[in-house]
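This report concerns only the one structure given below.
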Amino acid sequence: MAPLSTVSRALARSSLRQLPAATTGTTTTALRTMSSSPALRDAAASSSTFESPFKGESKSTKVPNFSKYLSKGSTSSNALFSYFMVGTLGAISAAGAKSTIQEFLVNMSASADVLAMAKVEVDLNAIPEGKNVIIKWRGKPVFIRHRTQAEIEEANSVNVASLRDPQADEDRVKKPEWLVMLGVCTHLGCVPIGEAGDYGGWFCPCHGSHYDISGRIRKGPAPLNLEIPEYDFPEEGKLVVG
Ligand code: FES
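The numbering used here numbers the first residue of the sequence shown as 215 and each following residue consecutively.
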């Protein structure tokens, strides 16, 4: 037979094991009762001590009433109004862009005085035979020589193959009696002196270049003939340079 102390310890252990189960059952039953009874639910809610951490939550979630801003018209009239507004704003924007670009282009284009300088008209009747005239065109001097018949023959008598910059006289003039050239030395850009030099044409005193009566380089450091600008004879007795 087991001793009394052993029996009492076994009884104590079994009672301890049963105690939580009994307590849980009681609690579950109580909760079921509370959730099924509205009165008890209200009472539980009113006695709740829970506070939301989101202060002002209910205010921020309120949706304002926009009904007074809603259109009273039909869907089609609203769409028509939208199309009208989009079209009108588009047209205004396009007109503004066009005006801006136009202003920009007008400002970028050459002014009247610059355009006037682009072409220079010369009255050839004022230049006697055998004389030079210097005009200014686009900031550069232009030599105009009214050549004599003797000068024309002299220019044509030169052996073109012997020239440093071979060019026939007829390729440098549109009318043999009128020689039109830029008055800028092809060496370093000085302005040569007319009716001077070893060849009866132009002489550049800067480094001693000699040009003949056709403006071709004959002696000195200049590598090329004097340049021929764009020009035309629009009518008899008129020269337009440029
Ligand atoms: S610039 Fe004319 S010869 Fe040098």
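Even for Gly, the Cβ is constructed at its ideal location relative to N, Cα and C.
Strand pairing of I348, partner residues [DSSP]: Taking the sequence shown and counting its residues from 1, one reaches residue 348 at position 134. Per DSSP, F357.
In three-state DSSP terms, what is A369? The count along the sequence shown starts at 1 and reaches residue 369 at position 155. Here A369 sits in helix by DSSP.
Considering only heavy atoms of the ligand FES and the C-beta of each residue, which residues fall inside 7 Å, strictly closer? Every residue whose beta carbon comes nearer than 7 Å to a heavy atom of the ligand FES appears here in chain order: C399, H401, L402, G403, C404, P406, C418, C420, H421, G422, S423, G434, P435, A436.
Look at the Cβ atom of I348, then the Cβ atom of F357, and state whether they are nearer than 8 Å. Position 134 of the sequence shown, counted from the first residue, corresponds to residue 348. Position 143 of the sequence shown, counted from the first residue, corresponds to residue 357. The answer is yes: Cβ separation under 8 Å.
If you draw a straight line from the C-alpha of G456 to the C-alpha of V300, how long is it? Here residue 456 corresponds to residue number 242 of the sequence shown, with the count starting at 1. Here residue 300 corresponds to residue number 86 of the sequence shown, with the count starting at 1. Approximately 51 Å, taken between the alpha carbons.
Looking at H398: is its Cβ nearer than 8 Å to the Cβ of V387? For the purposes of this step, residue 398 is identified with residue 184 of the sequence shown, where counting begins at 1. For the purposes of this step, residue 387 is identified with residue 173 of the sequence shown, where counting begins at 1. The identity of residue 398 in the sequence shown is Val, whereas the question assumes His. If you check the CB distance, V398 and V387 do not come in under 8 Å.
Residues bridged to D426 [DSSP beta-bridge criterion]: Here residue 426 refers to the residue found at position 212 when the sequence shown is read from its first residue. Bridge partners of D426: G414.
Can you check which of these residues, E368, S423, E391, is closest to H360 by C-alpha distance? Looking up residue 360 in the sequence shown gives position 146. Looking at the Cα atoms, E391 is the closest of the given residues.
So S428 and A375 are in contact, right, with Cβ under 8 Å, and what is the actual spacing, rounded? Position 214 of the sequence shown, counting from 1, holds the residue named residue 428. Position 161 of the sequence shown, counting from 1, holds the residue named residue 375. Contact flag wrong, Cβ pair sits at about 15 Å.
Short Cβ contact (8 Å threshold) for K452 with E343: Counted from its first residue, the sequence shown places residue 452 at position 238. Counted from its first residue, the sequence shown places residue 343 at position 129. It is not a contact, given that the beta carbons lie outside the stated cut-off.
Cα-Cα separation, A385 to V320: For this step, residue 385 is matched to residue 171 along the sequence shown. For this step, residue 320 is matched to residue 106 along the sequence shown. Looking at the sequence itself, residue 385 is Asp, so the reference to Ala does not match. Going from the Cα of D385 to the Cα of V320 covers about 39 Å.
Please classify Y297: is it buried, with 16 or more other beta-carbons within 10 angstroms of its beta-carbon, or exposed? The residue you call residue 297 lines up with position 83 of the sequence shown. By the 10 Å Cβ count, Y297 comes out exposed.
S423 vs G434 beta-carbon contact at 8 Å: In the sequence shown, counting from the first residue as 1, residue 423 sits at position 209. In the sequence shown, counting from the first residue as 1, residue 434 sits at position 220. Cβ distance < 8 Å, so S423 and G434 count as in contact.
Return the CA-CA distance between D412 and D426, expressed in angstroms with no decimal places. In the sequence shown, counting from the first residue as 1, residue 412 sits at position 198. In the sequence shown, counting from the first residue as 1, residue 426 sits at position 212. If I take the Cα positions, the gap works out to 8 Å.
Which partner residues does D337 have in the DSSP bridge list? Residue 337 sits at position 123 when you count from the first residue of the sequence shown. K452.
Considering only C-alpha positions, which residue in the set A305, E450, L396 is nearest to P443? To locate residue 443, count along the sequence shown from 1; it is residue 229. Nearest option by C-alpha distance: L396.
Using only the alpha-carbon positions, how far apart do A324 and K312 sit? Taking the sequence shown and counting its residues from 1, one reaches residue 324 at position 110. Taking the sequence shown and counting its residues from 1, one reaches residue 312 at position 98. Taking the straight line joining both Cα atoms gives about 20 Å.
Measuring only the C-alpha atoms, how far is V328 from Q316? Here the question's residue 328 lines up with position 114 in the sequence shown. Here the question's residue 316 lines up with position 102 in the sequence shown. Approximately 20 Å, taken between the alpha carbons.
Closest by CA to D379, which one among P355, C418, T362, A436? Within the sequence shown, numbered from 1, the residue matching residue 379 stands at position 165. It is A436.
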